[in-house]
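K.L.:
Everything in the sequence shown is counted per this note's numbering, starting at 49 for the first residue and increasing by one.
By construction, the Cβ of each residue, glycine as well, lies at the ideal position given by its N, Cα and C atoms.
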Amino acid sequence: MEQQTLLAYLRGEDDSALFAKADEIRRSVYGTDVYIRGLIEISNFCARNCYYCGIRAGNPNTSRYRLTNDEILACAHHGYSLGFRTFVLQGGEDPYFSEKTVCELIDRIKTHHPDCAVTLSLGEQPKETYRAWFSAGADRYLLRHETATKSHYQSLHPQTSSFENRRECLFALKELGYQVGSGFMVGSPNQTLEHLAEDFAFLAELQPDMIGIGPFIPHCDTPFGAHPSGDLSLTLRTVALARILFPHALIPATTALGTLHPQGRERGLKCGANVVMPNLSPEAARARYSLYNNKLHTGTESVEQLQKLKDEISAIGYQVVVDRGDVKK
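#1: Per DSSP, Q227 is paired with what?
#2: Can you list, in chain order, the residues of its chain with a C-beta nearer than 8 Å to that of L191? Leave out the 5 residues immediately preceding and following it.
#3: Closest by CA to E352, which one among G373, D247, L328?
#4: Thinking L204 and C98 are a contact (beta carbons under 8 Å), I'd like their distance in whole angstroms, please.
#5: Would you mind reading off the limits of the beta strand (DSSP E) that contains V77?
#6: From this set, N117, P266, M49, A245, which residue's C-alpha is nearest L379's C-alpha?
#7: With three or more C-beta pairs closer than 8 Å as the rule, is the segment 268-287 touching the segment 329-337?
#8: Along the chain, which unbroken stretches of the beta strand (DSSP E) at least 3 residues long are found entirely within the segment 123-183?
#9: Go ahead and pull the three-state DSSP assignment for G86.
#10: In terms of DSSP beta bridges, what is M258 paired with?
#11: Assuming A184 contacts D155 under a Cβ cut-off of 8 Å, what Cβ separation, rounded to an integer in Å, is found between them?
#12: Could you check what DSSP says for S91 in three-state terms: helix, strand or coil?
#13: Applying the 10 Å Cβ sphere with the 16-neighbour rule, what's the burial state of G373?
#14: Classify H296: buried if its beta carbon has 16 or more other beta carbons within 10 angstroms, exposed otherwise.
#15: Rank C94, R75, D269 by C-alpha distance to the C-alpha of D142 and give the top, closest one.
#16: Is there at least one non-hydrogen atom of the ligand SAH closer than 7 Å to the beta-carbon of K377?
#17: For G320, is the classification buried or exposed, using 16 other Cβ atoms within 10 angstroms of its Cβ as the cut-off for buried?
#18: Residues bridged to R336 by DSSP?
#19: State the Cα-Cα distance for the pair L289 and R112, rounded to the nearest angstrom.
#20: Can you tell me the Cα-Cα spacing of K148 and H267, whole angstroms?
#21: Indicate whether L298 and V375 have their beta-carbon atoms separated by less than 8 Å.
#22: Excluding the 5 residues flanking I84 on each side, which residues of the same chain have their C-beta closer than 7 Å to its C-beta?
#23: Decide if D71 is buried, meaning its Cβ has at least 16 other Cβ atoms within 10 Å, or exposed.
#24: Pull up the distance between the alpha-carbon of Q255 and that of H200, whole angstroms please.
#25: Measuring CB atoms only, is the segment 56-63 touching the segment 273-282, in the sense that at least three cross pairs come out at less than 8 Å?
#26: Since Q138 and E194 should fall inside the 8 Å C-beta cutoff, what is the C-beta to C-beta distance between them, to a whole number of angstroms?
#27: Starting from the C-beta of K377, find all residues in its chain whose C-beta is less than 8 Å away, skip the five residues before and the five after it, and write them out in chain order.
#28: Kindly list the residues whose CB is nearer than 6 Å to the CB of Q51, restricted to its own chain and excluding five residues on each side of it in sequence; keep chain order.
#29: From the DSSP secondary-structure annotation, give me the bridge partner or partners of E194.
#30: Identify the residues that DSSP records as bridge partners of Q367: which are they?
#31: Cutting at 6 Å between CB atoms, please list the residues of its own chain near S210, excluding the five before and the five after it.
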């Protein structure tokens with residue numbers, strides 16, 4: 049898609065046609081299936097200081113926690129009994145979860161549930177650590193590039209964060225054999241439509257298996273705490289464009305969409321998304337994994353309301369399936 053055409057769609061010049069085409073393509077590849085991922089937020093300790101993130105190292109108001117391997121395994125056992133066949137282990141860059149510790153955790157999950165996929169989302173790591181985790185049985189890795197424009201990236205992160213290293217990590221993960229997920233925020237401070245066009249150009253270069261797109265939502269204890277949230281309509285346009293440009297990608301209807309609007313998740317599914325990620329974390333931990341203000345962790349974002357989630361998805365013409373939900377090449 050030419051940049052001017054992409055920018056026209058991002059400006060909202062023909063939303064109805066855009067959304068209809070995205071849903072048509074989604075149905076041609078994945079039908080009406082919606083894959084569920086069991087999200088386990090293993091730690092809110094983080095060594096990084098990203099300006100937009102509520103669990104940044106420099107936030108003294110965050111109540112820190114980390115789950116033990118036994119607690120994480122218990123979450124996976126519970127999720128398996130409910131029909132989850134993918135578990136997403138997400139956390140800040142917490143040194144406690146070393147290469148060895150995560151290898152042992154992956155091995156335990158795979159030993160008990162060999163028919164399940166394990167997805168990691170643990171930030172930037174050395175290539176050899178990624179290699180060890182893949183060898184231990186990890187199937188997928190999520191690492192958003194956040195923005196493909198270097199100057200914009202630098203405006204969102206301290207000098208200790210490297211735009212080049214983020215890109216290198218993503219290509220290293222691809223080389224090692226992971227199913228790789230990338231993505232970006234919509235409406236982050238200083239972002240332009242041209243920046244979003246560059247994000248799609250980078251995704252075309254990377255060819256990820258998963259694309260996570262959600263609106264920027266501020267956290268009160270960050271340098272961007274007073275910045276407005278991203279626009280819902282623009283976020284939905286980017287989701288739809290991701291489906292059109294990457295027909296086989298796995299695209300979540302994110303928690304941030306549901307936080308921004310009561311029907312945000314459902315609208316995301318209608319625009320081409322085909323994944324939802326209910327929270328399997330212990331209830332005491334969910335509110336403490338606070339990436340942005342008012343992050344949903346109850347209701348249909350939680351595993352306790354799984355049946356209600358299935359009913360809501362069924363009501364708009366899709367169906368939750370028990371499946372690993374691997375990318376269809």
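P.N.:
From the atom records:
#1: R188
#2: S169, G171, E172, R214, C217, L218, L221, V228, G229, S230
#3: L328
#4: 7 Å
#5: No beta strand (DSSP E) contains V77, which is instead part of the alpha helix (DSSP H) from 63-78.
#6: Past the edges of the chain, shown from 49 to 377, lies residue 379, and the structure says nothing about it.
#7: no
#8: 134-139, 165-169
#9: Three-state DSSP puts G86 in a strand.
#10: G229, L298
#11: 6 Å
#12: strand
#13: By the neighbour-count criterion, in which 16 or more other beta carbons inside 10 Å mark a residue as buried, G373 falls on the buried side.
#14: Counting Cβ neighbours within 10 Å, H296 comes out exposed, since fewer than 16 surround it.
#15: C94
#16: The ligand SAH is absent from the structure shown, which contains no ligands of any kind.
#17: buried
#18: Beta bridge pairing from DSSP links R336 with no other residue.
#19: 37 Å
#20: 33 Å
#21: Yes, these two residues count as a Cβ contact at 8 Å.
#22: F132, V324, P326, V368
#23: buried
#24: Looking at the two C-alpha atoms, the distance is approximately 22 Å.
#25: yes
#26: Contact doesn't hold; Cβ gap of about 15 Å is too wide.
#27: H296
#28: In its chain, beyond the 5 residues on either side, A245 have a beta carbon closer than 6 Å to the beta carbon of Q51.
#29: F232
#30: D81
#31: none
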